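Residue numbers (my numbering), protein chains in the order written: chain A, 1371 to 1677; chain B, 5 to 558; chain C, 1112 to 1219; chain D, 79 to 316. Backbone N, C-alpha and C fix where the C-beta goes; we use that ideal spot for every residue, glycine too. As the structure is a prediction and not an experimental result, all values here were calculated from the model.
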Amino acid sequence: MSSYLELTARQRIPAMFDAGSFEEFLPPSKRIASPHLAQLDAPVSYDDGVVVGRGLLGGHIVFGAAQEGAFMGGAVGEVHGAKLVGMLRRAIDEGAHAVLLLLESGGVRLHEANAGLIAVSEVMRAMLDVRAAGIPVVAVVGGANGCFGGMGIAARCANTVIMSEEGRLAMSGPEVIETANGVEEFDSRDRALVWRTTGGKHRYLLGDCQLLVADDTAAFRAAALEAIAALGAGAVGLTLEGLLAEQAMLARRLHDAEGVSEPMEIWRRLGVPDPARVPMLEADAFLTLAAQHRAGLPSDAAHTGEQ
Amino acid sequence: MTAEGRWTIQQDNRRARLERASNALGGALKGKLVEASHIVELLHAVLEPGDRVCLEGNNQKQADFLGKALTRVDTARVHDLHMLLSVLSLPEHLDVFEKGIASKLDFSFSGPQAGRLAKLAGAGRLNIGAIHTYLELFARYFIDLTPRVALIAAEMADREGNLYTGPNTEDTPAIAEATAFKSGIVIAQVNQIVDKLPRVDIPGDWVGYVVQSPTPYYIEPLFTRDPAQISEIQVLMAMMAIKGIYAEYQIERLNHGIGFDTAAIELLLPTYAAGLGLKGKIARHWALNPHPALIPAIEAGFVESVHSFGSELGMENYIRARPDVFFVGPDGSMRSNRAFSQAAGHYACDMFIGSTLQIDLQGNSSTATLGRIAGFGGAPNMGADARGRRHPSAAWLKAGQQAREGRNTIPRGQKLVVQMVETFREHMAPAFVERLDAWQLAEQTGMAIPPVMIYGDDVTHILTEEGIANLLLCRSDEEREQAIRGVAGYTPVGMARDKRMVENLRERGIIRRAEDLGIDKRMATRDLLAAKNMKGLVRASGGLYDPPKRFRNW
Amino acid sequence: METLHFKFGAGERPLTGAAQMVGVVGSGNLEVLIEAAPLGGACEIDVHTAAVGFGAIWGAVMEDFHARWRLADARISINDNGATPAVVSLRLDQAVESLLGPATGGTP
Amino acid sequence: MDWQTLATQLFPGGHAIVERDNFLSGSAQVDGATVDVIGTSGHVPIGIEIALAQATAILETVQAHPGRPILILVDTQGQRLRHRDEMLGINSYMAHLGKCVDLARRQGHTVIGLVYDQALSGGFITSGLIASACYALPQATIRVMGLPAMARITKVPEERLTELAQDNPVFAPGPENYLRMGGLHGIWERDLAQELVRALADCPHEDRRMALGQERGGRLLAQPVAAAVRTGSDVRPA
């Protein structure tokens, strides 16, 4: 087993795509870095924290991106965002088979906040344009820094979200919530609670993540292949029916979680026996357990994104 | 004064204190059990101005309820206490000085309070008697710093005052014995009062009073290191340690300091060391807290025994299931004992290896930084040659032989004391310096001598990412200095090396680089770690290890 | 931020192949971009570092690096976020190895 | 500005907007046609309920009134910072809102955002910023976070940020800077009703914000970088 979490963005690309097939757009040798960091005395990176390009996945032409969580927390700045948008638009131009986004991001990069905020909304719109063009978009969340802020929203604009248990998908980080509303609201040092609240297993049980895998590059690659194959069979653009189904799921979630403040209680209400055991279960055992209980099951709709 | 009274002053005084307490507490005192709401009244009754008071602050468990109660006493009745603390880590430990309840301090380690302690000492709010090692402080409890009153912590008590400390026995026996047998008064806070204890750790007739604390005592998981944070440089250093020192000297009995450097070694035992065929030959017997990072090595059959200073949160069930390795009572839980384990580390171990913050050109190492009086804890007890040791072992004899070779001295062994540091710490702070910050700290705070953690003449090896300097083989002060410079990397100390002399030391095997040891640096990746993260440790333990929630990502 | 420039002549090993980047500009880490460039046999290294005032140390690290590999017609660009010399040397070696394969007889 | 005053100025032809728990919904008359309005008031933080309510209103318009323009009125202090919101997946609720807006656009609805008071970070991203065009009133507050908080997180001294914010739209709060960067299509200085009529008529369907940012000189690299990636060429700075 080779950990996905421990790899850099640049190492994840060859682990996910067919060997030697990936061609990077605007590679580091072009030295296109953030124009805003120098004046804040912050170091730049020649890829601005994201690798974008085109490769083969299972023999199909798939466009892809990988955010580097260790560079400024994977946060989106002007160049970083523009690279994502350019890649997404090119995927449409070239009729890609799919788009695979390896996300790891704290959201908007505060050092260039306004540009980052606009950029994240541009990424979201571009992702939905890709889907409207009939190209499936798959997001992978398995890095140590999770996927937060605007990118946490963007991830849910994909058709399918693949996570590991170690991955986190949310909006505001626990530290931000603790700072704003106190340690009683969210104890950011209680990492077990942080993962129960935002981690892959919880997201899978809630229906916000469609595939859960062990932290293993081969498992992530297999899941990406599976997701793309499943999506290839149907419509991948937004539909009224799909959004109505998602709305029903989200409304039901609100209703079912009335008065609940502990994620384990949500699992219990979903019918998961002995919820306290869930965090320790290995991926396979968890999937077996979750199969009968997770919300947003395939019986409600196809197992893709918002359906 | 009567003839008998002349020799029973302390006993008479003790009796008077107990009587005062019984009068003051009335119905709030049932046998030895005191109601928590009356704890300050008890302290008023049994304390006298100027008393030596030992407040149990350990590395792990803390008598925090009694510590807080002490800050609430009336200074008109209780003042000028002389506090004895092995670990001074909670705010209330210093509040008593700020409030004028206590004025003198003897201690060993101050951890998170080090900065505030330096400020208070600088402002003349407290008078530090001395900064000790643990064993040294315990020793003085029996000589000239015997407590009048001891405030201790235990897991449970029964109605006779027998105490069960659970796995965190730590300092309790040393404190209670010194106090109880010299007419002092022992007050214990416990989490629970029960009819029948799982086992008796402290006999009830040593204990004067028991109070059930409203909240369980505070306990700190101090020895847990998340393998996810171990760097590839630390893996390389661990490889060098195993091949260049553990294998070289066949070290079977040892102590590890706490830190990511030593955690990396622990996690490389079942992989790298096993690959070198070292299982059963090295690292068999340990004086060590139950480091979670040691689990894979234990499971791999490397480790035969571990005696511990204290326990570690989350390791309880694992220890209970491995009684062949750990010291456990008939109830199944571990019995730790800091005094015995310190003695074991000093006399019965062939090697100590640990990290430090600064090393000077004589090899003196210090963790002192400006503005902080951190103290020593137990490292100096482990990291010092046991001059009283007489029993031989291969490692001890080899070290002694290397140190004495070519000199006209009688054969004798020596303990291996290894300091392991990266040449730069974070923010490019050099680990090698011409002059330790300890000198300046001593001047600032009026200490008699600079606070040195491990003295240079006890250090036998310095290990950095650049190489291992074997100081045993150095034959002059100059060689010693160049050997240190020769592993000091690109620090100013390292760059000022005499390159020719360093090359000569390398030819003589006094300095050894990774490649001299036959280590391929490209092998030094995190893939060598037997567990790469906390969940890996849990898996290795078969689900028995239950890490504190702050260490989880699941 | 500080920018440093180093140039070493008399290299022996020319680089071939596409530019490679190793490492990440995370805290205490750096990225090294290495590429072949027609520099008349020289090896040029540009360093952009967040840690100001360590030029002499960088110089020593780079000299040892050059002694180890003796690259020719090589351009190396570094973005650094406070990496220690040990990490810098490790990444430099990884960068070269990504183009040349493991060192053969080039150890110091 | 409070929403009632705004509505009076925006809709001289009348409106039937109601407010419930800071959630605005209803319809209004614009130049003889009906426009559906959704939005928030009182700087309310966007939590899961209000995000869902807005999304529900949009899908109702899509179903009941195909093609009817939608105006999103923005006044929020940002996403709600509560454990419960995160536990239930506020990012999914936000994404759902954004996707509903996107669906409406694709089904022929003109969707316009108007920041009439506050628009902060996450509360803005799936409302005004996902609309086909977004406008603001001149006195509106738009930002990701205040400079003191930004200083704390980036560890750049606040004085330095304040100084940079003078002439660098990338840090500085305020609609003027979002306009220069292409994040806003315009700032409505004068007759709001007329501005709205014009905006509905001129609504772009493609996302041209990068180009706008380049033309207006506030975001010079985004467009060239995206273009270079898209066409496989080098970046040609403006």
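* To do: Take R1186/C and list the residues in its own chain whose beta-carbon comes closer than 7 Å to its own, dropping the five residues that flank it on each side.
  => The residue given as residue 1186/C occupies position 75 in the third sequence. The residues E1146, A1148, L1150 and E1155, in chain order, have a CB closer than 7 Å to that of R1186/C in the same chain once the five nearest residues on each side in sequence are set aside.
* **Start and end residues, alpha helix (DSSP H) containing F356/B** => By one-based count along the second sequence, residue 356/B stands at place 352. Judged by DSSP secondary structure, F356/B falls outside any alpha helix (DSSP H) and instead within the beta strand (DSSP E) spanning M355 to G358.
* Do L139/B and A383/B come within 8 Å of each other at the CB atom, strictly closer than that value? -> Residue numbering aside, residue 383/B sits at position 379 when the second sequence is read from its first letter. Residue numbering aside, residue 139/B sits at position 135 when the second sequence is read from its first letter. No, Cβ-Cβ distance for A383/B and L139/B is not below 8 Å.
* **Every unbroken beta strand (DSSP E) inside the segment 1526-1606 of chain A [3 residues or more]** => Scanning the segment 1526-1606 of chain A for uninterrupted beta strand (DSSP E) segments of 3 residues or longer gives 1530-1534 and 1581-1583, listed from N- to C-terminal end.
* To do: State the Cα-Cα distance for the pair N17/B and L85/B, rounded to the nearest angstrom.
  => Along the second sequence, one-based indexing puts residue 17/B at 13. Along the second sequence, one-based indexing puts residue 85/B at 81. Using only the alpha carbons, I get a separation of about 17 Å.
* **As assigned by DSSP and simplified to three states, the class of S41/B** => Position 37 of the second sequence, counted from the first residue, corresponds to residue 41/B. Helix at S41/B.
* Starting from the beta carbon of I126/D, find every residue of chain A whose beta carbon is closer than 7 Å, and list them in chain order. => Within the fourth sequence, the letter at position 48 stands for residue 126/D. Result: L1624.
* Who pairs with F185/B in a beta bridge, going by DSSP? -> Here residue 185/B refers to the residue found at position 181 of the second sequence. Answer is none; F185/B lacks a bridge partner.
* Measure from the C-beta of F1165/C to each C-beta in chain B and report whether the shortest distance is under 8 Å. => Taking the first residue of the third sequence as position 1, residue 1165/C is located at position 54. Judged by the 8 Å Cβ criterion, F1165/C is in contact with chain B.
* CA-CA distance, P334/B and K200/B? -> Locating residue 334/B in the second sequence gives position 330, where the first residue counts as 1. Locating residue 200/B in the second sequence gives position 196, where the first residue counts as 1. For the pair P334/B and K200/B, the Cα-to-Cα distance works out to about 14 Å.
* So, is the C-beta of F555/B closer than 8 Å to a C-beta in chain A? -> Stepping through the second sequence from its first residue, residue 555/B is reached at position 551. With 8 Å as the cut-off, F555/B counts as an interface residue toward chain A.
* What does P1196/C reach in chain B if we use C-beta pairs closer than 8 Å? -> For this step, residue 1196/C is matched to residue 85 along the third sequence. For P1196/C, the residues of chain B that pass the 8 Å Cβ criterion are T427, F428, G493 and Y494, in the order they occur in the chain.
* Asked: Can the beta-carbon of A528/B be found less than 8 Å from the beta-carbon of A535/B?
  -> As a first step, residue 528/B must be located in the second sequence, where it is residue number 524. As a first step, residue 535/B must be located in the second sequence, where it is residue number 531. Cβ atoms of A528/B and A535/B: not closer than 8 Å.
* **Partners in chain B for I1145/C, counting only beta-carbon separations shorter than 9 Å** => As a first step, residue 1145/C must be located in the third sequence, where it is residue number 34. The premise fails here: I1145/C is roughly 17 Å from chain B at the closest Cβ pair, so nothing lies under 9 Å.
* the segment 469-484 of chain B: which residues have C-beta closer than 9 Å to a C-beta of chain C, in chain order? -> Within the segment 469-484 of chain B, the residues whose Cβ lies closer than 9 Å to any Cβ of chain C are, in chain order, E469 and E470.
* **Closer than 8 Å to chain C by CB, F1682/A** => Because chain A in this structure spans residues 1371 to 1677, residue 1682/A falls outside the shown range and cannot be described.
* Nearest-angstrom Cα distance between T1215/C and E519/B? -> The residue given as residue 1215/C occupies position 104 in the third sequence. The residue given as residue 519/B occupies position 515 in the second sequence. Per-residue confidence for T1215/C stands at a pLDDT of 48, beneath the threshold of 50, marking its modelled position as unreliable; no derived number is given.
* From what residue to what residue does the alpha helix (DSSP H) around A1403/A run? -> Taking the first sequence and counting its residues from 1, the one referred to as residue 1403/A is at position 33. Counting along the chain, no alpha helix (DSSP H) covers A1403/A, and no H or E run does either.
* Sort out for me which residues DSSP pairs G191/D with in a bridge. => Residue mapping note: residue 191/D aligns to position 113 of the fourth sequence, counting from 1. The partner list for G191/D (beta bridge, DSSP) reads I150/D and C212/D.
* To do: Pick out the complete alpha helix (DSSP H) segments inside the segment 161-235 of chain B, 4 residues or longer, and give them in chain order.
  => List check, alpha helix (DSSP H) in window: 176-184.
* Go ahead and label H83/B buried or exposed: buried means 16 or more other beta carbons lie within 10 angstroms of its beta carbon, across all protein chains shown. => Counting from one through the second sequence, the residue named residue 83/B turns up at place 79. So H83/B ends up on the buried side.
* Does the beta carbon of A1162/C come closer than 8 Å to any beta carbon on chain B? -> By one-based count along the third sequence, residue 1162/C stands at place 51. Chain B contact via Cβ: present.
* **Residue range of the unbroken beta strand (DSSP E) whose run includes G1134/C** => As a first step, residue 1134/C is located in the third sequence; it is residue number 23 there, counting from the start. Element bounds for G1134/C: Q1131 to G1134.
* **Whole runs of the alpha helix (DSSP H) within the segment 387-456 of chain B, excluding any shorter than 4 residues** => Listed in chain order, they are 398-408 and 441-449.
* Asked: Since R1495/A and C1517/A are thought to touch, with beta carbons under 8 Å apart, how far apart are those beta carbons, to the nearest angstrom?
  -> Position 125 of the first sequence, counted from the first residue, corresponds to residue 1495/A. Position 147 of the first sequence, counted from the first residue, corresponds to residue 1517/A. Rounded to the nearest angstrom, the Cβ distance from R1495/A to C1517/A is 18 Å, too far for a contact under 8 Å.
* Asked: By a C-beta neighbour count over all protein chains shown, 10 Å radius and 16 as the cutoff for buried, is F146/B buried or exposed?
  -> Counting from 1 along the second sequence, the entry for residue 146/B is found at position 142. Here F146/B is exposed: its Cβ has fewer than 16 other Cβ atoms, across all protein chains shown, within 10 Å.
* Kindly indicate which three-state DSSP category A1468/A falls into: helix, strand or coil? => Here residue 1468/A refers to the residue found at position 98 when the first sequence is read from its first residue. DSSP places A1468/A in strand when its eight states are reduced to three.
* chain A contact for W11/B (CB, 8 Å cutoff) -> What you label residue 11/B is simply residue 7 of the second sequence in a count that begins at 1. Nearest CB-CB separation between W11/B and chain A: not below the 8 Å threshold.
* Asked: Closest Cβ-Cβ distance between M432/B and chain C: below 8 Å?
  -> The residue you call residue 432/B lines up with position 428 of the second sequence. Output row for M432/B: interface = yes.
* Asked: If you draw a straight line from the alpha carbon of L215/D to that of Y194/D, how long is it in whole angstroms?
  -> As a first step, residue 215/D is located in the fourth sequence; it is residue number 137 there, counting from the start. As a first step, residue 194/D is located in the fourth sequence; it is residue number 116 there, counting from the start. One C-alpha to the other measures close to 5 Å.
* So with Cβ pairs under 8 Å, would you call E1448/A a contact of chain C? -> Counting from one through the first sequence, the residue named residue 1448/A turns up at place 78. E1448/A does not count as touching chain C.
* Starting from the C-beta of V542/B, find all residues in its chain whose C-beta is less than 7 Å away, skip the five residues before and the five after it, and write them out in chain order. => To locate residue 542/B, count along the second sequence from 1; it is residue 538. Excluding five sequence positions before and after V542/B, the CB atoms of its chain that fall closer than 7 Å to its own CB belong to Y549 and P551, given in chain order.
* Residues of its chain near G1504/A, where Cβ-Cβ distance is below 7 Å and the 5 sequence neighbours each way are ignored -> By 1-based counting over the first sequence, the position of residue 1504/A is 134. Around G1504/A: V1606 and G1607.
* Asked: In terms of DSSP beta bridges, what is K108/B paired with?
  -> Translated into positions along the second sequence, residue 108/B becomes position 104. BP columns for K108/B point to H86/B and N131/B.
* Counting contacts by CB-CB distance shorter than 8 Å, is F249/D in contact with chain A? -> In the fourth sequence, residue 249/D corresponds to position 171, counting from 1. Yes, F249/D counts as interfacial toward chain A.
* Can you list, in chain order, the residues of its chain whose CB lies under 8 Å from that of Q1131/C, leaving out five sequence neighbours each side? -> Against the third sequence, residue 1131/C aligns to sequence position 20. Excluding sequence positions up to five before and after Q1131/C, its CB lies within less than 8 Å of the CB of L1144, I1145, E1146, A1206, S1209 and L1210, all in the same chain and listed in chain order.
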